[in-house]
Amino acid sequence: MTALYKNTKLYRLPDSSANAVLHKDAIAAELIFVLFLDVDLQPELLQMLDKIALALKLDKVQVEYLIVHSDGIFLNDLQAKYKAKHVVVFGAEPKDLNINAELSNYRVYPFNQFKLLLVNDVLDIYSNKQLKASLWNSLQEMFK
Numbered sequence: 095m096t097a098l099y100k101n102t103k104l105y106r107l108p109d110s111s112a113n114a115v116l117h118k119d120a121i122a123a124e125l126i127f128v129l130f131l132d133v134d135l136q137p138e139l140l141q142m143l144d145k146i147a148l149a150l151k152l153d154k155v156q157v158e159y160l161i162v163h164s165d166g167i168f169l170n171d172l173q174a175k176y177k178a179k180h181v182v183v184f185g186a187e188p189k190d191l192n193i194n195a196e197l198s199n200y201r202v203y204p205f206n207q208f209k210l211l212l213v214n215d216v217l218d219i220y221s222n223k224q225l226k227a228s229l230w231n232s233l234q235e236m237f238k
């Protein structure tokens, strides 16, 4: 994986690990999956995310997969870099995104330039049918 910024631990998945295309420079993305993880991302989790993108009828060049192995990121900077219309964050609190607000999981929050959805850790969702259903319901609302 290649670090996106100097002196950070924010990574973009290479093409060999996921269906997402690795671009030298950030391009406009319809959807960004941001995963806060302390462990390596397993192939079955990537397959689940790929299936979600496919079910949303998104082409692989419209989706970026970003992994955060750090204390936090600036969500506004990230969204501006990719010009993303939809951002789904797995396993983070608003403070991890440098957002000073009370936000609930599985609720879609419209901002000026994009819609944000916070959900449980990707490992929890993968192993829990109820959380998968909650994620899917929220995604359907997000993409109305």
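Under this note's numbering, the sequence shown has 107 at position 13, and the numbering climbs by one with no breaks.
For each residue, glycine too, the CB sits at the ideal point set by N, CA and C.
Non-local C-beta neighbours of Pro137 in its own chain, meaning closer than 7 angstroms and more than five positions away in sequence, are absent. Annotation for Leu125: Ala147, Leu150, Leu152, Gln156, Val157, Glu158, Ala178, Lys179, His180, Val181, Val182 place their beta carbon closer than 8 angstroms to its own, counting only its chain and skipping 5 residues before and after. When the alpha-carbon of Leu217 is set against those of Glu187, Leu210, Lys226, the nearest one is in Lys226.
The DSSP-derived three-state label of Val133 is coil. The beta carbon of Pro188 is closer than 8 angstroms to those of Asn194, Ala195, Glu196, Leu197, Leu212 in its chain, skipping five residues each way along the sequence.
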